[in-house]
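*Asks:*
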Amino acid sequence: MAEFTMELNDEQKEVRDWLHGFAADVIRPAAAEWDEREETPWPVIQEAAKVGIYSLDFYAQQYFDASGLGIPMAMEELFWGDAGIALSIVGTGLAAVGVLANGTEEQIGTWIPQMYGDANDVKVAAFCSSEPDAGSDVASMRTRAVYDEAKDEWVINGTKTWATNGGIANVHVVVAVVDPELGSKGHASFIIPPGTPGCSQGQKFKKHGIRASHTAEVVLDGVRVPGSCLLGGKEKLDERLARAREKAKQGGERVKNAAMATFEASRPAVGAMAVGTARAAYEVALDYATTRQQFGRPIIDNQGVAFQLADMRTQIDAARLLVWRASWMAVNGKPFTAAEGSMSKLFASETAKKVTAQAIQILGGNGYTREYPVERMHRDAAIYTIFEGTSEIQRLVIARTLSGMPIR
Ligand SMILES: Cc1cc2nc3c(=O)[nH]c(=O)nc-3n(C[C@H](O)[C@H](O)[C@H](O)COP(=O)(O)OP(=O)(O)OC[C@H]3O[C@@H](n4cnc5c(N)ncnc54)[C@H](O)[C@@H]3O)c2cc1C
């Protein structure tokens, strides 16, 4: 197991500086435009693909870095550039991780390259779990997958919502119910290959923030996919369902609790995105406070302003430490006995919301306009306390983990 360290090594610093350069030179200058257009920034994704940032190889290298700092460092830098564009760049990773975590080697080799495409023809992928009546309550999912044994095909019907890249993705990964009796343990993930009849985009959402990232409903109407599109394969699914049925006999609540902890390991990455946005807003505010003059002196000369900046930086550093700790634990297989993954996401996302609001205050009237980026950063920051589990759900996971009680 790698020792926990708070110091990036030389190689990691090189990668960080390279990513920072891309975020500063390519992402940040494009941020306001794509926020206004509310469209996927395909040219920026293509630029990222050309230099090797938009690829599975890049994320795999960071993911397998035993220090655990690779992914949080990469997320922080890209989201420092701009959250909406960065989510367009890393959103495919959600679907890719779904395949990596559950797929066979053949499925990984077949589908992940089709998720990314190549620098001349970039593609994106979508991970579709949430539904109109199943957001925090994943176990209420209704999208149904039924096996047609005669044809060795799965038939999928339902409506997914809030899917990042939903409908514009080349490959969709869809979570569906295969055994309604088992709650979230009766779910399985399926690949929906490009151009599959019956899979279409529903409503595209007009959002408060991260507007360069496409979010839409995905409608699955009599979608038929070959048996080979069930991630992990039928034999493994049947074994897993048999085990879950056995466990369910011991108490349904345990089955439900497990669902809330499912994303625990991926939550530090979202925390790192929040740290990136918070740091970006803090830097703008610090710069503004040292240059803006009122009453014949820079506004930072007032404790009322300087102390806000002191608090902002302290909270950002504290958030990063929680994220790095959780990420190191996840990579090194240390169990989250105090829900450290959820802690990191909870603290970092709430920090991003708070810090970006303070940044607007420090910039005064300018902070409230689209001439300055902190207004956009504040709108963007609001997503971190919602997706990958709301702040309330993080608190629920932490409280349940600490107490062992089925707190509601
Ligand atoms: C921009 C965006 C992108 C997204 N991308 C994806 C994606 O790519 N794939 C995907 O599958 N999903 C995605 N999501 C969905 C996201 O994960 C859900 O929005 C989130 O899980 C919350 O679900 P909900 O919106 O239905 O809210 P609800 O679950 O209805 O929650 C509403 C409120 O009630 C609170 N609440 C609910 N239950 C409890 C409880 N037990 N205790 C206390 N409070 C509670 C919540 O905290 C929240 O404040 C995305 C969402 C957004 C907005």
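Per our numbering, the sequence shown starts with residue -10, numbered consecutively.
Even for Gly, the Cβ is constructed at its ideal location relative to N, Cα and C.
#1: Please report the residue range of the beta strand (DSSP E) in which H161 lies.
#2: Which first and last residues belong to the beta strand (DSSP E) in which D137 is found?
#3: Can we count S118 as close to ligand 1, meaning its CB is less than 7 angstroms from some heavy atom?
#4: From I74, K342, P215, pick the residue whose C-alpha is nearest to that of V15; which is it?
#5: State buried or exposed for R309, treating a residue as buried only when at least 16 other CB atoms are found within 10 Å of its CB.
#6: Just to check my reading of the structure: T81 and Y105 have Cβ atoms closer than 8 angstroms, yes? What is that Cβ distance to the nearest angstrom?
#7: Classify E339 as helix, strand or coil using the three-state DSSP reduction.
#8: By the three-class DSSP mapping on this structure, what secondary structure does E206 have?
#9: Taking just the CA atoms, how far does M318 sit from P183?
#10: What whole-angstrom Cβ distance do A158 and A115 have, given they're in contact under 8 angstroms?
#11: According to DSSP, Q190 sits in a beta bridge with which residue or residues?
#12: Helix, strand or coil: which one does DSSP assign to N246?
#13: From what residue to what residue does the beta strand (DSSP E) around H176 run?
#14: Do the CB positions of V167 and A177 come within less than 8 angstroms of each other?
#15: Can you check whether the CB of A371 is closer than 8 angstroms to the CB of P155?
#16: Please state the DSSP three-state secondary structure of Q402.
#17: Under 8 angstroms between the Cβ atoms of S333 and V363?
#18: Can you list, in chain order, the residues of its chain whose CB lies under 7 angstroms from that of Y136, leaving out five sequence neighbours each side?
#19: Measuring from the CB of L83, is there a heavy atom of ligand 1 at a distance below 7 angstroms?
#20: Does the region 29 to 43 come within contact of the region 276 to 293, defined as at least 3 CB pairs closer than 8 angstroms?
#21: Thinking just about the alpha-carbon of each residue, which of L45, V163, Q239 is nearest to the one in T185?
#22: Can you tell me which of the three DSSP states R200 falls into?
#23: Could you round the C-beta distance between I42 and I78 to whole angstroms and report it? I think they count as a contact, below 8 angstroms.
#24: When the Cα of A108 is compared with those of C117, A261, L45, which residue comes out closest?
#25: Give the C-beta separation of T204 and A165 to the nearest angstrom, bearing in mind that I take them to be a contact with Cβ-Cβ under 8 angstroms.
#26: So, at 6 angstroms on beta carbons, what are the nonlocal neighbours of A337 in its own chain, with the 5 sequence-adjacent residues on each side left out?
#27: As a quick exercise: from Y48, R5, E0, K112, pick the residue whose alpha carbon is nearest that of T29.
#28: Can the beta-carbon of W23 be found closer than 8 angstroms to that of A201?
#29: Just mark A139 as buried or exposed, buried being the case when its beta carbon has 16 or more other beta carbons within 10 Å.
#30: Using only alpha-carbon positions, find the residue among T279, Q283, Q304 that is nearest to A398.
#31: Can you give the Cα-Cα distance for A(-9) and R17, rounded to whole angstroms?
#32: On a CA-only basis, which of T93, E66, I101, A72 is nearest L83? Give me that one, please.
#33: Taking its Cβ as the centre, do 16 or more other Cβ atoms sit within 10 Å of P61, making it buried, or is it exposed?
#34: So what's K195 in DSSP terms, helix, strand or just coil?
*Replies:* Looking at the coordinates:
#1: The continuous beta strand (DSSP E) containing H161 extends over residues 160 to 166.
#2: Unbroken beta strand (DSSP E) run through D137: 133 to 137.
#3: Yes; taking the cut-off as 7 angstroms, the Cβ of S118 has a heavy atom of ligand 1 nearer than that.
#4: Closest by alpha carbon: I74.
#5: By the neighbour-count definition (other C-beta atoms within 10 Å, threshold 16), R309 is a buried residue.
#6: For T81 against Y105, the beta-carbon gap comes to about 6 angstroms, under 8 angstroms, which counts as contact.
#7: DSSP places E339 in helix when its eight states are reduced to three.
#8: E206: strand per DSSP, three-state reduction.
#9: Answer to the nearest angstrom: the Cα atoms are 36 angstroms apart.
#10: Contact between A158 and A115 holds, with the beta-carbon distance rounding to 4 angstroms and staying under 8 angstroms.
#11: BP columns for Q190 point to V207.
#12: Because the pLDDT at N246 is just 42, under 50, the model does not fix this residue reliably, and the value given afterwards should be weighed accordingly. For N246, the secondary structure class from DSSP, reduced to helix, strand or coil, is helix.
#13: Start and end: 176 to 181.
#14: Cβ atoms of V167 and A177: closer than 8 angstroms.
#15: The sequence as given places Gly at residue 155; Pro does not occur at that position. If you check the CB distance, G155 and A371 do not come in under 8 angstroms.
#16: Past the boundaries of the shown model lies residue 402; the chain is included only from -10 to 397, so the question cannot be answered.
#17: Result no, Cβ atoms of S333 and V363 do not sit closer than 8 angstroms.
#18: Contacts found: W143.
#19: Result yes, Cβ under 7 angstroms from ligand 1.
#20: Taking one beta carbon from each stretch, the region 29 to 43 and the region 276 to 293 have fewer than 3 pairs nearer than 8 angstroms; the two do not touch.
#21: Ranking the options by Cα distance to T185, first place goes to V163.
#22: For R200, the secondary structure class from DSSP, reduced to helix, strand or coil, is coil.
#23: That pair is a contact at about 7 angstroms.
#24: When each option's Cα is compared against that of A108, the closest is L45.
#25: So it is not a contact: roughly 20 angstroms between Cβ atoms.
#26: Taking A337 as the centre and dropping the five residues before and after it, the same chain places the C-beta of G260, A263, V264, A308, V312 closer than 6 angstroms to its C-beta, in chain order.
#27: Nearest to T29 by C-alpha distance, out of Y48, R5, E0, K112, is K112.
#28: Yes, the pair counts as a contact, with Cβ atoms nearer than the cut-off.
#29: So A139 counts as exposed.
#30: Limits of the chain in this structure are -10 at one end and 397 at the other, which puts residue 398 out of reach.
#31: If you draw a straight line from the Cα of A(-9) to the Cα of R17, it comes to about 34 angstroms.
#32: The residue with the shortest Cα to Cα distance from L83 is I101.
#33: Classification of P61: buried, given that the 10 Å Cβ count is 16 or more.
#34: Three-state result, K195: coil.
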